[in-house]
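For the sequence shown, the UniProt record's numbering begins at 1 and goes up steadily by one.
In what follows, a structure is listed as structure tokens, so that the remarks can point back to it.
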Amino acid sequence: MIDNRDGQAYLDAVLEKIRQRILSINESLLEGQKEIDDMHEYYWQNYTEMDEYGYENFDNQQALLHQINANQEQLILKHRFRKMLDSPFFGRVDFCYEGDEEPEIFYIGIGNFAEKTGALPLIYDWRSPVSGLFYDYDKGPASYQAPMGELSGEITAKWQYKIRRGKMIYAFESDTKIDDEILKAELGSHGEVQLKNIIRTIQKEQNAIIRNTSDKILVIQGAAGSGKTSVALHRIAYLLYHDRKHLKSSNILILSPNGVFSDYISHILPELGEENIQEMSFDLFAYRQLKGTAADCEDRCDQIERNLLSETEDPVALEKQSQRFITHMEGFLLRLEDELMDFTPVEYKNVTMTETEMLDLFYNKFGEIPLLSRMDAVADTFIDEVETLKNKDLPEEEKQELIERFRQMYDTRDFYVLYNRFLEEEGLPLLPDLPPEERKLAYEDVYPILYLKYRLQKRQGRQDIKHLVVDEMQDYSRLQYLILKQMFSCRMTILGDRAQTMADEKQDSLTFLPKIFGKDIRRIVMNKSYRNTVEISSYANALTGVDDVELFDRHGKPVTEQNFASLDQALDAVVQELRLDPELVAATSDEDVPASENSACPDEQSADNAPAFETAAVILRTAAEAEQAYEILREKLSARGFDVKNALSLLHRDSTTFRKGLTVTTFYLAKGLEFDQVFSIFPSKDQRPLVRQARYIAATRALHELYAYEIQD
Ligand SMILES: Nc1ncnc2c1ncn2[C@@H]1O[C@H](COP(=O)(O)OP(=O)(O)OP(=O)(O)O)[C@@H](O)[C@H]1O
């Protein structure tokens with residue numbers, strides 16, 4: 001019997017059990033492999049004599065598949081247990097059930113662990129019902145939702161542990177939820193370059209979102225750095241754990257802003273023991289959907305660059321984003337029902353469909369089918385009639401010819417042409433009259449045309465997707481949400497921050513989302529910010545007048561504000577202030593980083609003993625400015641012997657990976673990411689609202705140090 005009252009003794013005993021379990025998995029993997037080899041052997045020796053109907057062969061195949069799956073499961077388990085050897089648990093709750101005298105002790109870790117399958121767990125997965133106690137309660141009365149109903153009692157003790165490479169680094173009893181000192185140390189550390197998993201320190205309000213299974217559509221408005229992305233990913237891990245039967249990782253889709261962001265978050269789910277999930281940008285999806293309509297489409301980056309380079313936002317582009325435009329388009333769609341059609345009777349092999357018959361089918365029987373797909377249904381009816389009367393099937397070619405004759409009754413089936421008609425009605429400038437292969441759509445036209453397509457043509461909804469995550473919700477227009485609603489009828493987690501809108505005016509999606517999705521929506525606000533130090537948050541919030549954010553009490557170096565005559569001089573200052581630690585940057589994995597550095601909270605205030613960082617970013621306004629800064633930095637840093645090849649990168653719109661070291665990029669590509677040190681460089685005379693937003697986005701990317709540089713020329 002293991003003594004579970006002493007954390008250290010429990011650690012030693014559990015580590016031993018995990019090792020034993022891994023050994024026994026190794027044995028069963030070997031046996032399994034032998035079975036597979038034997039089955040192959042048997043097949044090759046006997047396949048000529050197997051029964052002619054293939055029953056035996058089928059049975060063999062099934063047995064083989066079964067064994068391969070069993071081995072696969074064992075391998076996954078082994079992988080999890082090997083990870084647990086590093087840190088088997090991080091928390092403990094002593095819970096005395098109502099009516100009991102003695103508390104039961106629950107250790108909580110990244111996954112369940114029991115001596116053998118079906119035995120009582122020695123460690124409970126952080127997502128298990130009982131683990132909710134750890135995140136939601138202090139010492140005292142508490143309850144949790146078990147499969148058989150709510151269980152109440154009292155928490156008599158709560159412990160927090162840090163274990164690394166199997167060694168206990170600290171263990172202490174705490175009576176607060178998740179001790180602030182531990183959270184401070186976690187936030188102050190810089191041992192990981194991508195987004196971290198936060199299971200050790202999930203906060204109560206975050207836990208409520210992660211474990212919410214009752215609301216169909218959760219909309220989270222969260223301040224910069226409040227943990228929205230982290231919470232969304234932990235929520236996915238939780239949902240997968242709780243509904244393994246119905247929900248697979250392939251049923252979840254994340255709409256993410258770009259490839260780099262996808263890479264930045266890609267390791268979290270595997271780290272939490274789940275498979276990775278599909279990610280896609282909405283712009284790429286739209287581009288694919290409009291392939292036959294236009295050769296190319298602008299994306300969001302093009303649009304932002306265009307806005308940045310012109311003095312004012314284009315009023316026509318703004319009009320195309322408006323509610324009025326959508327309402328008018330709905331009216332246009334209604335009128336098309338009549339205006340698009342030119343019905344003529346069809347006669348084929350002595351069978352005739354009159355105009356009256358056709359009108360009846362078109363507007364009554366098939367009235368529910370989208371307009372541009374409806375004629376196919378009428379054509380099918382006619383073909384059926386011909387086949388019945390002639391008592392034979394028509395050849396495929398003749399059928400196609402007939403369908404084509406029916407389709408000719410549409411004035412046009414080209415969405416681009418239809419859109420132009422709508423623009424003409426609205427008195428807006430027309431798109432150039434070009435063949436599809438020469439058309440390039442401006443960003444503001446992409447989604448209206450896609451919307452026309454979806455309203456006019458039968459489409460395949462994504463029935464395979466059961467949960468959709470939309471990150472950076474403030475960057476999607478009303479029309480984009482209407483399209484999402486048409487495509488997905490599943491559960492959704494939609495998250496974003498109105499303060500990080502990339503337009504002249506802040507977009508509060510919460511004002512129109514309920515109108516689109518109706519009563520299924522539950523709105524949650526997260527206004528405590530964890531990423532930045534108090535100094536950085538306060539500075540950033542003052543930039544755009546954000547005043548409703550609660551700051552986590554972690555202090556650091558004051559923000560450095562400085563003016564320079566040129567970009568070149570500002571970059572000299574960057575080179576001067578850059579505190580990247582070559583050892584940390586060169587380390588290829590967490591293992592390579594000395595434990596003390598990996599876990600330490602850097603002494604951010606000490607000038608002599610300046611902290612050494614792993615990531616830094618120079619964040620600028622436009623792509624051209626970022627490219628120029630990158631080239632200048634390459635020269636300056638090379639001259640100082642900096643490893644520019646491995647530790648300096650330009651992050652551009654087509655980048656797909658997030659790297660350690662110094663990153664040079666624009667504010668809109670830095671969105672969602674974070675860096676130990678940030679140098680934000682903007683032209684001081686550009687005080688347009690969009691560029692003020694840009695400064696805010698850049699500033700809120702900084703974890704520990706922020707340098708706000710302005711160029712005066
Ligand atoms: N409970 C927590 N414990 C430890 N770290 C946390 C916690 N919540 C958030 N963080 C940390 O705060 C930082 C910000 O988290 P995240 O990127 O998920 O926030 P966000 O709201 O999506 O930010 P933004 O909108 O500014 O991109 C990350 O470093 C994350 O690890």
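Ideal placement from N, C-alpha and C gives every residue a C-beta, glycine not left out.
CA-to-CA distance, residue 494 to residue 239, given in whole angstroms: Taking the first residue of the sequence shown as position 1, residue 239 is located at position 239. Taking the first residue of the sequence shown as position 1, residue 494 is located at position 494. Taken atom to atom, the span from the alpha-carbon of residue 239 to that of residue 494 is near 15 Å.
Reference residue 104; option with closest CA among 92, 194, 110: Taking the first residue of the sequence shown as 1, we reach residue 104 at position 104. It is 92 whose Cα lies nearest to the Cα of residue 104.
Contacting residues, own chain, Cβ-Cβ under 6 Å from residue 94 (five flanking each side not counted): Counting from 1 along the sequence shown, the entry for residue 94 is found at position 94. Around residue 94: 103, 105, 156, 157.
Close Cβ partners of residue 713 (< 7 Å) along its chain, the five nearest in sequence each way excluded: Residue numbering aside, residue 713 sits at position 713 when the sequence shown is read from its first letter. The residues are 565, 566.
Straight-line gap, residue 635 to residue 615 (C-alpha atoms, nearest Å): Locating residue 635 in the sequence shown gives position 635, where the first residue counts as 1. Locating residue 615 in the sequence shown gives position 615, where the first residue counts as 1. Cα to Cα, residue 635 sits roughly 20 Å from residue 615.
Among 116, 352, 413, 628, nearest to residue 389 - alpha-carbon criterion: If you number the sequence shown from 1, residue 389 lands on position 389. The shortest Cα separation from residue 389 among 116, 352, 413, 628 belongs to 352.
Cβ-based burial, residue 445 [other Cβ within 10 Å; buried from 16]: Counting from 1 along the sequence shown, the entry for residue 445 is found at position 445. Looking at its Cβ environment, which holds 16 or more other Cβ atoms inside 10 Å, residue 445 is buried.
Cβ-heavy atom distance, residue 531 to ligand 1, below 7 Å: Counting from one through the sequence shown, the residue named residue 531 turns up at place 531. The answer is yes for residue 531.
Residue 213: CB within 7 Å of a non-hydrogen atom of ligand 1: The residue you call residue 213 lines up with position 213 of the sequence shown. No - ligand 1 has no heavy atom lying nearer than 7 Å to the Cβ of residue 213.
Closest by C-alpha distance to residue 160, when choosing among 118, 107, 124: Here residue 160 refers to the residue found at position 160 when the sequence shown is read from its first residue. Closest option to residue 160, Cα to Cα, is 107.
Alpha carbon of residue 369 to alpha carbon of residue 681, nearest angstrom: As a first step, residue 369 is located in the sequence shown; it is residue number 369 there, counting from the start. As a first step, residue 681 is located in the sequence shown; it is residue number 681 there, counting from the start. In a straight line, the C-alpha of residue 369 is about 54 Å away from that of residue 681.
Coarse secondary structure for residue 386, derived from DSSP in three states: Against the sequence shown, residue 386 aligns to sequence position 386. Three-state DSSP puts residue 386 in a helix.
Limits of the unbroken beta strand (DSSP E) element including residue 442: Here residue 442 refers to the residue found at position 442 when the sequence shown is read from its first residue. Note, residue 442: premise wrong, no beta strand (DSSP E); not H, not E.
Beta strand (DSSP E) segment containing residue 561, residue limits: Residue 561 sits at position 561 when you count from the first residue of the sequence shown. That run of the beta strand (DSSP E) goes 560-564.
Residue 83 versus 195, 319, 272, residue with shortest Cα-Cα distance: The count along the sequence shown starts at 1 and reaches residue 83 at position 83. Distance from the Cα of residue 83 is smallest, within the candidate group 195, 319, 272, for 272.
Whole-angstrom distance between residue 626 and residue 644, CA atom to CA atom: Taking the first residue of the sequence shown as position 1, residue 644 is located at position 644. Taking the first residue of the sequence shown as position 1, residue 626 is located at position 626. Spanning the two alpha carbons is a distance of roughly 16 Å.
Limits of the alpha helix (DSSP H) - the one that residue 306 falls within: Along the sequence shown, one-based indexing puts residue 306 at 306. Its alpha helix (DSSP H) spans residues 300-309.
Minimum C-alpha distance to residue 307 - residue among 695, 198, 690, 337: Along the sequence shown, one-based indexing puts residue 307 at 307. It is 690.
Sequence-distant residues of the same chain with beta carbon closer than 7 Å to residue 412, five excluded per side: In the sequence shown, residue 412 corresponds to position 412, counting from 1. So the qualifying residues of the chain are 418.
Among 523, 469, 517, nearest to residue 237 - alpha-carbon criterion: Sequence index remark: in the sequence shown, residue 237 carries index 237 (1-based). For the residues 523, 469, 517, the minimum Cα distance to residue 237 belongs to 469.
Residue of 129, 80, 41, 153 minimising C-alpha distance to residue 61: Taking the first residue of the sequence shown as position 1, residue 61 is located at position 61. Answer by Cα proximity: 41.
Spatial distance of residue 24 from residue 125 (CA atoms): Against the sequence shown, residue 24 aligns to sequence position 24. Against the sequence shown, residue 125 aligns to sequence position 125. The alpha-carbon atoms of residue 24 and residue 125 are separated by roughly 21 Å.
Beta-carbon proximity check, residue 673 vs residue 664, cutoff 8 Å: Translated into the one-based positions of the sequence shown, residue 673 becomes position 673. Translated into the one-based positions of the sequence shown, residue 664 becomes position 664. Their beta carbons are not under 8 Å apart, which means residue 673 does not touch residue 664 by this criterion.
Unbroken beta strand (DSSP E) run spanning residue 347, endpoints: The residue you call residue 347 lines up with position 347 of the sequence shown. DSSP places residue 347 inside the beta strand (DSSP E), whose first and last residues are 346-348.
Through-space distance from residue 180 to residue 1, alpha-carbon basis: Here the question's residue 1 lines up with position 1 in the sequence shown. Here the question's residue 180 lines up with position 180 in the sequence shown. Roughly 34 Å between the two C-alpha positions.
Beta-carbon proximity list for residue 478, same chain, < 8 Å, skipping 5 on both sides: By 1-based counting over the sequence shown, the position of residue 478 is 478. So the qualifying residues of the chain are 321, 323, 326, 512, 516.
Beta-carbon proximity list for residue 592, same chain, < 7 Å, skipping 5 on both sides: Your numbering for residue 592 matches position 592 in the sequence shown. Since pLDDT at residue 592 reaches only 46, below the 50 mark, its modelled position is unreliable, and the value read off the structure follows with that caveat. If we look at residue 592 and ignore the five residues flanking it on each side, it has no Cβ neighbours.
Where residue 620 sits in the DSSP three-state scheme: Your numbering for residue 620 matches position 620 in the sequence shown. Strand, per DSSP.
Any non-hydrogen atom of ligand 1 within 7 Å of residue 674 CB: Here residue 674 refers to the residue found at position 674 when the sequence shown is read from its first residue. Under cutoff, so the answer is yes.
Nearest-angstrom Cβ-Cβ length linking residue 123 and residue 14, presumed shorter than 8 Å: Position 123 of the sequence shown, counted from the first residue, corresponds to residue 123. Position 14 of the sequence shown, counted from the first residue, corresponds to residue 14. Confirmed, Cβ separation roughly 7 Å.
Bounding residues of the beta strand (DSSP E) (the contiguous stretch that carries residue 482): Locating residue 482 in the sequence shown gives position 482, counting from the first residue. Counting along the chain, residue 482 falls outside any beta strand (DSSP E), though it belongs to the alpha helix (DSSP H) covering 478-487.
Short Cβ contact (8 Å threshold) for residue 229 with residue 195: For the purposes of this step, residue 229 is taken as the residue at position 229 of the sequence shown. For the purposes of this step, residue 195 is taken as the residue at position 195 of the sequence shown. The criterion of a C-beta distance shorter than 8 Å is satisfied by residue 229 and residue 195.
Residue 706: CB within 7 Å of a non-hydrogen atom of ligand 1: Position 706 of the sequence shown holds residue 706. No, the Cβ of residue 706 stays beyond 7 Å of every heavy atom of ligand 1.
Beta strand (DSSP E) runs wholly inside the region 312-383, at least 3 long, in chain order: Every beta strand (DSSP E) of 3 residues or more that sits fully in the region 312-383 is shown, in chain order, as 346-348, 351-353.
Residue nearest to residue 436 in terms of C-alpha spacing, selected from 357, 294, 573, 214: As a working note, residue 436 is residue 436 in the sequence shown. That would be 294, whose Cα lies nearest to the Cα of residue 436.
Cβ-Cβ distance between residue 526 and residue 222 below 8 Å: To locate residue 526, count along the sequence shown from 1; it is residue 526. To locate residue 222, count along the sequence shown from 1; it is residue 222. Cβ atoms of residue 526 and residue 222: closer than 8 Å.
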